[in-house]
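Residue numbers (my numbering), protein chains in the order written: chain A, 129 to 529; chain B, 129 to 529.
Single-structure report; data block below.
Protein chains: 2
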Amino acid sequence: MHDLIRGLKEKNTSKIVLLVADGLGGLPMEAGGKTELETAKTPNLDTLAAEGTVGLSTPVGPGITPGSGPGHLGLFGYDPIRHQIGRGVLEALGIGVEVGPRDVAIRGNFCTIDAEGKVTDRRAGRIPTETCVKLVELLRKGVKIDGVETLIEPVQEYRLVVRFRGDGLGANVCDTDPLQTNMHTLEPKGEDPASEKTAKIAAEFLRQAKDVLKNEKPANFLMMRGFAKFPDIEPFADIYGLNAVAVAVYPMYKGLARLVGMTVVDAGKTIADQFAVVKNNWDKYDFFFVHYKYTDKTGEDGAFDEKVKVIEALDAELPALMGLKPDVLIVTGDHSTPSKMKSHSFHPVPTILWAPATGRPDFVTEFGERACNAGGLGQFLAKDLMPLALGHAGRLQKFGA
Amino acid sequence: MHDLIRGLKEKNTSKIVLLVADGLGGLPMEAGGKTELETAKTPNLDTLAAEGTVGLSTPVGPGITPGSGPGHLGLFGYDPIRHQIGRGVLEALGIGVEVGPRDVAIRGNFCTIDAEGKVTDRRAGRIPTETCVKLVELLRKGVKIDGVETLIEPVQEYRLVVRFRGDGLGANVCDTDPLQTNMHTLEPKGEDPASEKTAKIAAEFLRQAKDVLKNEKPANFLMMRGFAKFPDIEPFADIYGLNAVAVAVYPMYKGLARLVGMTVVDAGKTIADQFAVVKNNWDKYDFFFVHYKYTDKTGEDGAFDEKVKVIEALDAELPALMGLKPDVLIVTGDHSTPSKMKSHSFHPVPTILWAPATGRPDFVTEFGERACNAGGLGQFLAKDLMPLALGHAGRLQKFGA
C-alpha cells in the first residue's frame, strides 16, 4: 500500500488533522447500559459525526489489544505487525529520551544480589523513584566506557533506561535477567558481530556498575532487558509527502511521532493549549497529530464518570479546532480503554472522518460505539485511515488511466 | 496472524464454546419472505443475540462456497486457502478412518472394465453399498503388500477408501481414473521419490485387486483418486494454548477436529446428549467445539420447514449450555445451506459472539441473517473469530507497549 501511495502522492495546500483521544472506545459497565462516549454530552463531536462519516477502527487485528506503539503506528498508516518497536526504544521514548539510528536503547531493572552474585530480588524491593534517581546519579559518575556515548535515565521505582550511542551497534542481545531468583544474572551475548559489539559494551557497563553499586542497599546491581534499535520505518514525509507536526503533551507520543519523522513542538499542557499550538502553526505544516491522553488515563483507572468528563472537556474545546477549517479532520483513538476493564482492549474504536468538500454522509448523527457501527466507514483497519485522509485531501492522483 | 497469537497467548481458567450449526445460513424461498433462521422461533438465540454481539461470517472469501473441510478450518482460525485438506484425507475422515502423519489416504471407485482392460463404466452401474462392502471384504482377503499396512473401507455405493501406512510415503501421485470411458485406467505415477514409492505400492495394489475382482460383475476393478497426506497444520494447542475437545456426532467433524489436534470424545446422539457431554467435561478442557449436523442436512434436502424445526430444536436445548456460564460462547455455521439451493452456498453466516464480561453490545435483539448485518461484528472472515474469542477470554497479552 505504501508503494502505491508513494507513487500517487501529490502536494497541495490542504490541511489534515488527526485528533487521537487515547483509549477512546469503551464498554457499558452493566448489561443494557451505555459506554463512556455514549454517556458523554458531546454536541460538537455529534455535529462532526452528523456532517461527516463514521465507523469503527480495528487497531491491529481482531482480538488483539495494542500497546501505545502499535496503536499509533496503525493510525500513522503503518502495518503495526510488520513494524514492531523494541521494548527498550519504547521505554526510552516514554521518558522523553531520543533514540536515533546510531543508538541501542535498553530497559534496566535495579535488583538485589547476594554475596555469591545470585539474584535475591529482581526488583530490589521496589525501591522508590528517589532512590532510583540517586543510583542513576552514581552510575553516571562512576561508569565510563570508551568509544561509546552512554546515557542513563531513571524511569520509575526500580526501572531505568540505558542508551548506548555509537557506530555499528546491533541490538540482538539477550536479556541479562534470569527471570527467577537464586540464579546468577546472565552475560549479555550478541547474535551477530554488531550485536556482539553491543554485548561487550553492556558487559563492561555491568562490570563497572556492580562495583559502583556494591555497597548500596537493597539495590546493589542492575539487569538489562529489551535491547532495541531505532526501527526501520520509512518517514511519513517520504511516503505521504506530508510535512507533519506532533502536538502531544506526553513524551511517549512525541517519541512515536519522531519515529516516523514528524516535527515535535511544545504543546503546552491542556487540550486548549494544544489547539492553540495547532492554530499558531497552521501555515507551517500540512498534517497535525494532536494527542489527548486523559481518555486513556481515566479508563485505566476504571473511572467511568471521569472518562465521561474528559470526553466532554475535549468536546468543549473542539470549536477552536473546527474554526481553523481543516480539509480533513479525523477523530479516533489508538485503541479502546474501557473503564470496565481498567486496561487497553481489542475493541474497535469509534472514528469520525470529517471532510466537508469530499465527505459522503451516512445516517449517523451522534458519536458513540453503537452509532459508529452503522456508519459509512464501516469497520476498517486503523492503517487504512491515512490513505483515506489523503484521498479526501486531494493528495492522491488517479491510479491508472 | 498465528505467529502473533502464538507469541501473545496466555493461559487462564476461561471457557470458550464454539457451537457450529452446520449450514446455518439460509435464504427466503421467495421474494419478500424470511429465511429459515428468521422464520424459526428462537427465544434463547435471540437472548444471546441481544446480550451479545452479532455479525456475518464469510467462510473463505466472497462468492466462495466451502466444503466442510475449509468451512471448519476457517472457524478453527486457520486460513482455509493456505491449509487445504486433500480429498483422500477428507473421504477417510468422513467415514471415521483415522489419518496420521505416516499415512496416505486415497479415494477409490469401483468400476467396470472390458476384456481389453478399458473402462466401460466409471461407477460400475452405481452398485449398492452392500455390494461395495462385499467387494471390500474380497480385497481385504486377497490383497497383500509387503512393507506397508493397508486399510480398505467401504464408503457408499461404488466408493471406497484405501489407506497405506508406512515410512516415507509421498502423496503427489496422479489419479488412475481416465475420466472417460473406453480408455485404459492410468498407471499411478509419483512426482518425487517418496511419491514414487507410494505409486509403486498403489500399482501393486491395483494389480492384485484386478486379479481378485476379475470374475465379479459389474464391478471388476477399481480406480484411485485424490492421494493425500495428513496436512501440515500446526496444532490448535500450540497456536492458541487451548486444551480443546470436539463434541461431534458425525465422523467427518470428529476427523476435522482431530486434524487440528483436538481431543474427540463420545458425543452421544442428540444435541441434548452433546450438551450433557460438554457439561461432564467442563473442568477438563478450555475449548469446546460442538457440531450440530441437522441444519445442513435439512438444507441439502431443500426441506425449509424441517430446517426451521431443527433450528428450533437446537434453540430449545440451549439453556443447558448457557447454564454452564461459558466466558465466550460463539454460535455460527461453517457455511450457509439455503433450502432454496439444496446445497452449500457462499452466503455469509449469521454469528453470535456472547461474552458477558467483555462483550460490546450492538442494537440487534434477534438472531437472523438481516439482523446480523447490522451487528457489531460487522462482516468478517471466519478465521478472525478465534482471535476474537481469545481476546474476549483474556487469553491474549497486550501487543507491544
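For every residue, glycine included, the Cβ atom is placed at its ideal position computed from N, Cα and C.
Computed from a predicted model, the values in this text were never measured in an experiment.
Thinking just about the alpha-carbon of each residue, which of the options is nearest to the one in residue i?
i	options	result
G451(A)	D131(A), L176(A) and H130(A)	L176(A)
L314(B)	D303(B), N408(B) and L446(B)	D303(B)
V232(B)	A404(B), K421(B), V276(B) and G270(B)	V276(B)
G396(B)	D414(B), A376(B) and F415(B)	A376(B)
K363(B)	S473(B), L201(B) and T141(B)	The residue you asked about is not Lys; residue 363(B) is Pro in the sequence shown. The option with the nearest alpha carbon to P363(B) is L201(B).
K342(B)	I192(B), L132(B), A521(B) and A243(B)	A243(B)
H410(B)	A441(B), N371(B) and T423(B)	According to the sequence provided, residue 410(B) is Trp. The question's His does not apply to it. Of the candidates A441(B), N371(B) and T423(B), the one whose C-alpha sits nearest the C-alpha of W410(B) is N371(B).
Q525(B)	A517(A), F474(A) and V290(A)	F474(A)
R293(A)	A347(A), F358(A), A400(A) and N310(A)	F358(A)
N300(A)	A337(A), G318(A), D174(A) and P306(A)	G318(A)
E226(B)	A431(B), M352(B) and L387(B)	L387(B)
F432(B)	I192(B), E166(B) and L136(B)	E166(B)
In angstroms, rounded to a whole number, what distance separates the CA positions of residue i and residue j?
i	j	result
P466(B)	A220(A)	57 Å
F491(B)	L155(A)	14 Å
D360(A)	P198(A)	14 Å
Y368(A)	F527(A)	15 Å
E265(A)	L279(A)	11 Å
C500(B)	P484(B)	18 Å
K437(B)	H520(B)	32 Å
P515(B)	N237(A)	33 Å
L146(B)	D443(B)	15 Å
E332(B)	E324(B)	12 Å
L184(A)	S464(A)	11 Å
T181(A)	L446(A)	17 Å
T141(A)	S196(A)	30 Å
K338(B)	I241(B)	10 Å
R250(A)	P208(A)	31 Å
G298(A)	L218(A)	17 Å
L505(B)	Y206(A)	24 Å
L457(A)	G522(A)	14 Å
E428(A)	Q212(A)	23 Å
Strictly under 7 Å for the Cβ-Cβ distance: is residue i near chain A by that measure?
i	result
K526(B)	yes
G496(B)	no
D490(B)	yes
L201(B)	no
L267(B)	no
P515(B)	yes
D104(B)	One cannot answer for residue 104(B) here, as it falls past the ends of chain B, which runs 129 to 529.
G205(B)	no
I529(B)	At residue 529(B) the sequence reads Ala, which differs from the Ile that was named. It does; some Cβ of chain A falls within 7 Å.
G519(B)	yes
How should residue i be labelled, buried or exposed, when 16 other C-beta atoms within 10 angstroms of its C-beta is the threshold for buried?
i	result
T493(A)	exposed
E158(B)	exposed
D394(B)	exposed
G503(B)	buried
R488(A)	exposed
E497(B)	buried
H312(B)	exposed
G228(A)	exposed
V271(B)	buried
P321(A)	exposed
G189(B)	exposed
N348(B)	buried
P316(A)	buried
V261(B)	exposed
E164(B)	buried
I255(A)	buried
K139(A)	exposed
CB residue i to CB residue j, shorter than 7 Å?
i	j	result
A510(A)	P187(A)	yes
P379(A)	G224(A)	yes
A168(A)	E434(A)	no
K246(B)	N310(B)	yes
F417(A)	A356(A)	no
D305(A)	R353(A)	yes
A149(A)	T426(A)	no
Of all the CB atoms in chain B, is at least one closer than 7 Å to the CB of residue i?
i	result
I480(A)	no
P454(A)	no
L218(A)	yes
H472(A)	yes
May I ask you to check if the CB of residue i is nearer than 6 Å to at least one heavy atom of the ligand PLP?
i	result
E315(A)	The ligand PLP is absent from the structure shown, which contains no ligands of any kind.
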